[in-house]
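The sequence shown: position 92 = 221 (my numbering), numbered continuously.
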Amino acid sequence: MLLFSKTDMNTISSNLQLAVQHHRANRLAQAEQSYRQILAEQPDHPEALYALGMLAQQNGQLAVAEQFLSAAVQVQPDSVKAWFSLGNLSLAQEQFSQGAIAYRQALALRPDSLPIYNNLGFALQQQGLFDEAINYYQKALELKPDFTEAEANLGNALHAQGQLSKEQQIYYAQLNHQLGVARKQAGDLKTAVAFYRAAIALQPDLLDAHYNLGVALQEQGDFEEAIISYQKILELNPHNGEIYFKLGKIYQDQNKLPEAIAAYQQGLKLTNPQYLKAFIAEPGTEKAEEVPITPELPQGEVIVRNYKFPKIPAVAASEKKRPFWSVVILAYQRTDYLLECLASVLAQWTGEEEMEILVMDNASTPPLFDLVNAIGRGIVSYYRNSQNIGLVGNHNTGITLSRGQWIHILHDDDYVLPGFYSQLKQSLEDCSDSVGAAFTGFDNIDEKGVFLSKGDIFYWYGEDRGIIQDWLSQIVVTNPLRPSAIVVRRQTYERLGGYCSELSDLNGWELCKRIATFYDCWYEPEILACYRVDTSWYTNKMSNKLFLTGNHAVFLRRAIEITESYLPTDFCTEITAKARSYNFEYILKRRVIIPLKAGNLTGALRMLQEALKIDRSPEAVAKLFAWLTQDEAAPLRDEIAAKLLAVPGENIPDNIPTELKSPQTAIAP
């Protein structure tokens, strides 16, 4: 038996508190390190063993989790939570017999625990021991009659024995479906799928359960099973156009583009009569069509106060009525999401007099024409640039070609939600001419289309629809918007120019600031657009020259300086100071670490140099020196010290006196 001094125990206690803090804050690596330090001092520490088991399970290391939890119950056999967690781990691995053993141990220690009764019943049910399972479910319901999970599981067990009437089957099907929805909302897809399947087993024609099962399976990446669920819905309701969109998305993710095209076409035909009419009027042809080339456009400049921007000419006079909307979709090389983006817009297309759709292909090889034409034939105008003109050039070319009163620029990996155009039009068609742009709430999604978070604008303004009163003072400091959520009046572009050619990065932020300086902006709070976030963001930024070289900070500084040239003079100094202070810290806390961790000290130093050009106030310099004391800045400290030591100094004689001599008194001749 190991004996510990009071000092040792205090150290272990402190390490445990620190480990728990890391664990609660989701700093899993630090938590594991602290727990293991405890085991190095006390190998049989029950809390550390238990916590490492839970950590391993959280990280998907189920075998390791089992080792730690088994050790925990050996050291502390009266630990209810350790036995219960060991049972849950066994269920996750479909080791139902072992799970039942662990739950029985836990139940012996805590005979009034509802979750233990329920989970033990489930473990027994999965082994076909229905009578025992029913007994434990009923005991749980005796303790808590409204224990929904136990009631649903009881219904499932009774159904397996053929003991439910038709009415009872429908009741328990609804109960299982509700629990599936709740688990899905909690992020527990695996359990949600189990509840949805149970609901379908009870009521095979329950469309909502089939739909939600398909969605959950799709989010899990189980595409083939999701397809089966969606096809079952189509068997029950062949005219459900939304399901074809779901199938199109799956086929798109599988890179089965012909199947994706067919699914999106069918979905659009079923949900949009105008699309069906236009599609029938433009029959396809097996003959290869010539790829349309972007025409030569006039180039010019417009001066806004003291800076020149690319000119957007007015729409040429024509007898043809101008549409309310121009939707400009920017594309280059990528086919991963283009069909989904196009379909989201085409689903809301109500005719050419209401909306024109342009796809600007920035010299993709091969051209994207056939893909666009496959679902946009007769509706979408496709243009391919003869050479790559850069993202900014493609923006401005699309705007110049557009004829709509309001312009929506959409990147090919983003999409809009139902109601985006109709709801915005309802607000904008009678709004004041002072409104030059508008934006909606939006969601951030990942590569699979799974929700990540609401856009920052929601947390700034919530549900306050209308003209934003303090917008300029906010947008000058930082940008909470994403392109998919923004529409701009074409006259605004004609007056203020297009995207700034100097800024290949942060040009959208600069444009928003320019518009806010001269126009009001309208906010539509509903979530009506989706912006796709690359969840491998850090990895991509680590390999992105813009960040590795420090050029991102250069563009950030220039975006601030350009804006400074046109801000109102009575407002400029104060708000620019806020922008400089905020973005200095932004570089220091979130950007300089990228080249630093990649080992690019030159890029990191350039980031700091640009940060000081943005804000060289005493407060900023103090923050910089404070940051340089942190461990992550150690390589930069060494580099700065080396550069200082390498600075050549003046020649200093070796025989410098070590003591000052008394001055000689002058002697008169």
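Every residue gets a Cβ at the ideal spot worked out from N, C-alpha and C, and that includes glycine.
Using a Cβ-Cβ cutoff of less than 7 Å, which residues in the same chain neighbour residue i once the five nearest sequence positions on both sides are dropped?
i, result
"A231", "W212, L215, G216, S219"
"H411", "The question names His, but residue 411 is Glu in the sequence shown. The answer, listed in chain order, is R506, G507."
"P724", "F676, L677, G679, G732, A733, M736"
"S602", "I704"
"A740", "A682, F713, I716, L717"
"K707", "V606"
"L581", "N573, I574, D575, V662"
Tell me, which residues are paired with residue i by DSSP?
i, result
"M183", "Per DSSP, none; premise fails for M183."
"A566", "V617, C650"
"F571", "A658"
"I437", "What sits at residue 437 in the sequence shown is Lys, not Ile. K437 pairs with I432."
"N595", "The displayed chain sequence assigns Gly, not Asn, to residue 595. According to DSSP, G595 bridges with Y652."
"E296", "In the DSSP output, where bridge partners are listed per residue, E296 has none listed."
"V545", "A658"
"I504", "I504 is not bridged to any residue."
"I528", "None; I528 has no bridge partner."
"I586", "DSSP output for I586 lists no bridge partner at all."
"I422", "R513"
Identify whether residue i lies in helix, strand or coil by the three-state DSSP scheme.
i, result
"F453", "coil"
"L459", "strand"
"I518", "coil"
"D699", "helix"
"K752", "helix"
"D499", "helix"
"Y359", "helix"
"L870", "Residue 870 is absent from the model: the chain starts at 130 and stops at 798."
"G627", "coil"
"S672", "A caution first: S672 carries a pLDDT of 48, below 50, which makes its placement in the model too unreliable to give a value."
"S143", "helix"
"I796", "In this prediction, I796 scores a pLDDT of 34, lower than 50, which makes its location untrustworthy; no coordinate-derived value is stated."
"R687", "helix"
"T277", "helix"
Specify, as a first and last residue, the run of the beta strand (DSSP E) that residue i falls within.
i, result
"H537", "535-540"
"E653", "649-661"
"L581", "580-583"
"S510", "509-513"
Spatial neighbours of residue i within its chain, please: C-beta separation below 8 Å, excluding the five flanking residues on both sides.
i, result
"Q395", "G370, Y373"
"V801", "The requested residue 801 is not part of the displayed model; the chain covers only 130 to 798."
"E655", "G548, Q552, T569, G570"
"M671", "Because the pLDDT at M671 is just 42, under 50, the model does not fix this residue reliably, and the value given afterwards should be weighed accordingly. Cβ within range, chain order: L677, I723, K726, A727."
"T526", "T423, L426, M489, Y512, N514, I518"
First and last residue of the alpha helix (DSSP H) that includes residue i?
i, result
"I372", "370-382"
"E430", "It is not in any alpha helix (DSSP H) - E430 instead sits in the beta strand (DSSP E) that spans 430-433."
"E739", "730-743"
"V322", "318-331"
"Q234", "225-238"
"N155", "Here N155 belongs to no alpha helix (DSSP H), and DSSP marks it neither H nor E."
"A407", "402-410"
"P609", "P609 -> no alpha helix (DSSP H), and no H or E assigned at all."
"C470", "467-475"
"S214", "209-221"
"H339", "336-349"
"P777", "No alpha helix (DSSP H) holds P777; DSSP gives it neither H nor E."
"N247", "243-255"
"P442", "Premise fails: P442 is in no alpha helix (DSSP H) and is neither H nor E."
"A727", "From DSSP, A727 is part of no alpha helix (DSSP H); its letter is neither H nor E."
"F259", "259-272"
If residue i and residue j are in contact, beta carbons under 8 Å, what's the gap, nearest whole angstrom?
i, j, result
"N247", "A269", "5 Å"
"L846", "V456", "Because the chain here runs from 130 to 798, residue 846 falls outside it and cannot be looked at."
"Q477", "P402", "The Cβ separation is near 13 Å, so there is no contact."
"D102", "A460", "The chain is shown only over 130 to 798; residue 102 falls outside these bounds and no answer can be derived."
"L405", "I504", "Wrong, their Cβ atoms sit about 12 Å apart, outside the cutoff."
"L243", "A281", "About 14 Å separates the two Cβ atoms, so there is no contact after all."
Could you pull out every residue in the same chain whose Cβ sits closer than 6 Å to the Cβ of residue i, ignoring the five residues on either side in sequence?
i, result
"A177", "Y164, I167, L168"
"H524", "Y628"
"Y179", "A201, A211"
"A325", "For the sequence presented, residue 325 should be read as Tyr rather than Ala. Same-chain partners within the cutoff: G309, A338, N341, L342."
"A286", "Q254, F259, A262, I263"
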